[in-house]
Each structure stands twice: as C-alpha cells, then as structure tokens.
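Novice: Submitted below is the structure of interest, expressed as structure tokens.
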Amino acid sequence: MRSPTARRRRAHNQRTTTLAPSRAKGRGSEETGHHAPAPAAAAAKRRTAGGGGGGADVFDWLPDDVVLSVLARVAATAVSPADVAAAALTCRRFRELAAHPAVLSSASAATVAVRAAAWSETAHRFLRRCAAAGSLHACYFLGMVKFYCLRSRATGAALLWHAAAGGHPPAMYALAVLQFNGSGGGKEDKDPRAGVALCVRAAWLGHPPALRELGHCLQDGYGVSRDAAAGRRLLLHAATREHLSWRKRHDQGICGGGYDDSSAGEGAASQFMVEWWEAQRSKAAPRGCHSGGEDDDDDLRLCSQSRCGRRETRRHEFRRCSVCGSANYCSRACQALDWKRAHRAHCAAARWLAAAGAP
Ligand SMILES: [Zn+2]
Ligand SMILES: [Zn+2]
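Heads up: the sequence shown runs through residues 13 to 371, numbered per our numbering.
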C-alpha cells in the first residue's frame, strides 16, 4: 500500500518535528482517520504516482522545524502584516505552520503594525495570538490599542506591563506616560516618581522619547530633583539618538530593506491611534462635534502633538499650554516637540487674536 520511501519520510518527520507538537499530533489523528491525507503522505503519494518530482518534492522532504524557522524569519523581517499573510497563503503547509507559536512569537514591529482602516476581528485575533505567543511588539501594539482606542484599560495596561517586563522600551515609556497622568484612574492616581523610574529604565536602553521626557522632568523638577544642566544634556542626547535612528531608517529605506526597530513600532501604534480617532471624528461629524480634536460624546481631548494619538481617559487629564490654553499634551516631551514643529506659530497667533479682541 504505502511505499517504503513514504514510510521512511514519515518516520524522519516524526523524529525531527520537535517544535510543532500540536501539528504532529494533528497529523497523527488525520492519518488514523479517513482519507484526509496529511502533507507528508500526500507528498509521498505525489512522488510515487507522478514520478517526475522536481522542486516541490524537495520542499515536501523538508522537516517542519526547517519550514518553521523559515516562516519565523519571514515574520521577523516582514515590513507589513501583509507579508506574513502572503507567505501563509502560499501553500497548505505554510498556512498550518504560520499559526505556530514559534512563528508568531517572532513577529516584528512591522508585522503587527495593523492600520486603523484594516482593523477587524481577524486582525484583533492575529495580534492576540502573537501576544500570547510572546511577541513583545504585539503586546505593546495591542496594549496601546486596547488601552486608548478600545477602552479596555486593564487588559491594555497588563499587555504593556508584560512588554515592559520583557525589556521593550516603548512599553516602558508608555507606562511612564500613564503614571504621569494617572491614566485610567483619577487625578490622585498620578505617580510622577514611578513615571520617572520607568523613563530612566527606557532611557537607559537608549529610547529617545524617554530620554527627552526625562530631560524635561529634570529641568522642571517633576518627579525628580531639579537639575537643569543634566536635563539639557539628556535632551541633547535624545536629539542625537533620534537623528541617528532616522538616518538608519532612511538608509534602510533606500536599500529596500525592512526594519525591526521598537521605535518604528511606537510610530506604528501612534499612527494607528491618530487614524482611529480621525475615523471616529469623521463618523461623528454629521452629528456635529468640536473642532479642537474633542470627542462628541464626552470632552476627552487628543494630545495636540499631531503624531502622538493618545487621548485623555478622563476630563482635563492632559496638561494645557499655559499661554493660549487651547493645546493639550499627554507629556512634557509631546509639548516640547509640538512647540518646535507647529504650536509656536499657532500659540503666538492665538495670543495676538485674544489681545486684539480684548476690550
Ligand atoms: Zn502626546
Ligand atoms: Zn499655546
């Protein structure tokens, strides 16, 4: 019935499949059942029946461990979620093995960077699986989406803590912002010292936003003893690191290579939140809403730094620009960034208009 070659191939695969116990089990039950042929048996049948094997036979002979390592490499170097989906759709064997924890845990920042417009239950499930498999990028991304966009504060914070405990700098910085603002709780839940401690950890790992935030905290004496000179040095250090990181990404972009940088994951999460709130605002527009980035059903404001995407979890949570009072920021770093990029001009105009309109 079954050729000795097929038997040898089956024994070889059983011996080598240490990374895919669930699949090996599944295949066993398939083989004891009806004529639902397992990939190995199907391959053997193709070989004995067709004769002229070619490249497909070589692929079928590869043990699962090797295919898993190839797929894990794809997941680790993909530049978008579509890359992994495309690989999984190549053949049945890829589709089965692409869902293995060994592959999902390797998901890069770009692999889990779902766009807000593409958000669906399938995307949600994919991120949950990656996070459960141990991808820190997925824990961070899903944590941010759940905390800020889906209002699952406890689950989102737990995912961020998980990523931070695994050494993910953007997650540490995200938690620092939560501590500074007492996000998800009341005003009394603000804990500047805990925020600074998290920033120190992320800054130690060279995370530019954490370095910048820590620099401003030192300059203002917020959550830490005031030291203006040390704060200035950190701000300079943050600017240098940011420039180097930008150069690296720019060069990689020119070469056409992918990126697997946690800063890129942070940018993707922010982009998701910006696009998510933009879509929410468009949906609410026919019913009429405020023009300053406010939601229609409550007065929660977005961070005025246009690339941040964080939104208040309670009224008046974010700090305001003390000059014009019309801009709101989740952090000192966002305020300083926005001042340089845009608000300097708007704030002056708002002040001038207020003065001109005054009686
Ligand atoms: Zn912000
Ligand atoms: Zn202002």
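For every residue, glycine included, the Cβ atom is placed at its ideal position computed from N, Cα and C.
#1: Helix, strand or coil for ALA354? Go by DSSP, reduced to three states.
#2: Below 6 Å CB to CB, which residues in the same chain sit around ARG141 once its five sequence neighbours on both sides are set aside?
#3: What I want to know is whether the C-beta of ALA339 ends up closer than 6 Å to one or more non-hydrogen atoms of ligand 2.
#4: Which residues bound the alpha helix (DSSP H) around SER155?
#5: Given ASP239, which residues of its chain have a CB within under 7 Å of its CB, disregarding the five upstream and five downstream residues?
#6: Express the C-alpha separation of PHE106 and HIS358 in angstroms, rounding to a whole number.
#7: Is GLN317 near ligand 1, going by C-beta to nearest heavy atom under 6 Å?
#8: Is any heavy atom of ligand 2 found at a distance shorter than 6 Å from the C-beta of CYS333?
#9: Confirm, please, whether the CB-CB distance from ASN193 to GLU329 is below 7 Å.
#10: On a CA-only basis, which of PRO113, SER132, TYR152 and CYS346 is nearest ALA280? Give me that one, please.
#11: With distances taken from CA atoms, which of LEU80, VAL91, ALA128 and ARG344 is nearest ARG261?
#12: For ligand 2, any of its heavy atoms closer than 6 Å to the Cβ of CYS359?
#13: Using the Cβ count rule (16 or more neighbours within 10 Å means buried), how would you classify LEU226?
#14: State the Cα-Cα distance for the pair TRP289 and LEU171, rounded to the nearest angstrom.
#15: Can you give the Cα-Cα distance for GLY218 and PHE71, rounded to whole angstroms?
#16: Count the other CB atoms within 10 Å of the CB of ASP263; is the residue buried (16 or more) or exposed (fewer)?
#17: Taking all protein chains shown into account, do 16 or more other C-beta atoms lie within 10 angstroms of the C-beta of LYS37, making it buried, or fewer, making it exposed?
#18: Buried or exposed: which applies to ARG224, given that a residue is buried once 16 or more other Cβ atoms fall within 10 Å of its Cβ?
#19: How many angstroms separate the CA atom of HIS249 from the CA atom of LYS295?
#20: Give the DSSP bridge partners of ARG331, in chain order.
#21: Just to confirm, does ARG326 get its C-beta within under 6 Å of one of the non-hydrogen atoms of ligand 1?
#22: Quick check: CYS315 and ARG326, are their CB atoms within less than 7 Å of each other?
#23: Keeping to the same chain, check which residues put their C-beta closer than 7 Å to that of TRP173; ignore five residues upstream and five downstream.
#24: At a cut-off of 6 Å, would you count ASP336 as near ligand 2, judging by its Cβ distance to the nearest heavy atom?
#25: Look at ALA88 and SER118 and say whether their C-beta atoms are less than 7 Å apart.
#26: Quick check on this structure: which residue in ALA110, ASP69 and ALA242 has the alpha carbon closest to the alpha carbon of ASP77?
#27: Could you give the first and the last residue of the continuous alpha helix (DSSP H) run that contains PRO204?
#28: If the criterion is Cβ atoms closer than 7 Å, does the pair ALA114 and LEU80 meet it?
#29: Alpha helix (DSSP H) containing LEU109: first to last residue?
#30: Buried or exposed: ARG344, going by 16 or more other Cβ atoms within 10 Å of its Cβ?
#31: Is any non-hydrogen atom of ligand 1 found closer than 6 Å to the C-beta of ARG322, if you look at the structure I gave you?
#32: Taking only beta-carbon positions, decide if VAL189 is within less than 7 Å of chain C.
#33: Nearest by alpha-carbon distance to LEU148: which of ALA121, CYS161 and ARG163 is it?
#34: Return yes when at least one heavy atom of ligand 1 lies under 6 Å from the C-beta of CYS211, else no.
Specialist: According to the data block:
#1: It is helical.
#2: Taken in chain order, the residues that qualify are LEU116.
#3: Indeed, a heavy atom of ligand 2 lies less than 6 Å from the Cβ.
#4: Residue identity differs from the one stated: residue 155 is Gly in this sequence, not Ser. Note, GLY155: alpha helix (DSSP H), 148 to 156.
#5: Cβ neighbours of ASP239 beyond the five flanking positions: LEU230.
#6: Distance between HIS358 and PHE106, taken at the CA atoms: about 53 Å.
#7: Of the heavy atoms belonging to ligand 1, at least one sits nearer than 6 Å to the Cβ of GLN317.
#8: Indeed, a heavy atom of ligand 2 lies less than 6 Å from the Cβ.
#9: In this structure, ASN193 lies closer than 7 Å to GLU329 by Cβ.
#10: Shortest Cα-Cα distance from ALA280 to any of PRO113, SER132, TYR152 and CYS346 involves TYR152.
#11: Ranking the options by Cα distance to ARG261, first place goes to VAL91.
#12: In this structure, CYS359 has its CB closer than 6 Å to one or more heavy atoms of ligand 2.
#13: So LEU226 ends up on the buried side.
#14: Cα-Cα distance, rounded: 21 Å.
#15: GLY218 and PHE71: Cα-Cα distance of roughly 42 Å.
#16: Exposed, since its Cβ has fewer than 16 Cβ neighbours within 10 Å.
#17: With a pLDDT of 38 at LYS37, under the threshold of 50, the modelled position of that residue is not reliable, and no figure is offered here.
#18: Around the beta carbon of ARG224, 16 or more other beta carbons lie within 10 angstroms, which makes this residue buried.
#19: Our two residues, HIS249 and LYS295, have alpha carbons roughly 42 Å apart in a direct line.
#20: DSSP, once it has assigned bridges, lists TYR341 as partnering ARG331.
#21: Because no heavy atom of ligand 1 lies under 6 Å away, the Cβ of ARG326 does not count as near it: no.
#22: No, Cβ-Cβ distance for CYS315 and ARG326 is not below 7 Å.
#23: Counting only Cβ-Cβ distances below 7 Å, and skipping sequence neighbours, we find LEU187.
#24: Before going on, a small fix: residue 336 reads as Cys here, not Asp. True, at least one ligand heavy atom lies under 6 Å from that Cβ.
#25: Their beta carbons are under 7 Å apart, which means ALA88 touches SER118 by this criterion.
#26: The option with the nearest alpha carbon to ASP77 is ALA110.
#27: It spans 204 to 216 - the alpha helix (DSSP H) in which PRO204 sits, taken as one unbroken run.
#28: Yes, the Cβ-Cβ distance between ALA114 and LEU80 is below 7 Å.
#29: From DSSP, the alpha helix (DSSP H) with LEU109 extends over 104 to 110.
#30: When all chains shown are included, ARG344 counts as buried.
#31: Yes.
#32: The structure shown contains no chain C; it is built from a single protein chain.
#33: Of the candidates ALA121, CYS161 and ARG163, the one whose C-alpha sits nearest the C-alpha of LEU148 is ALA121.
#34: CYS211: no, Cβ never under 6 Å from ligand 1.
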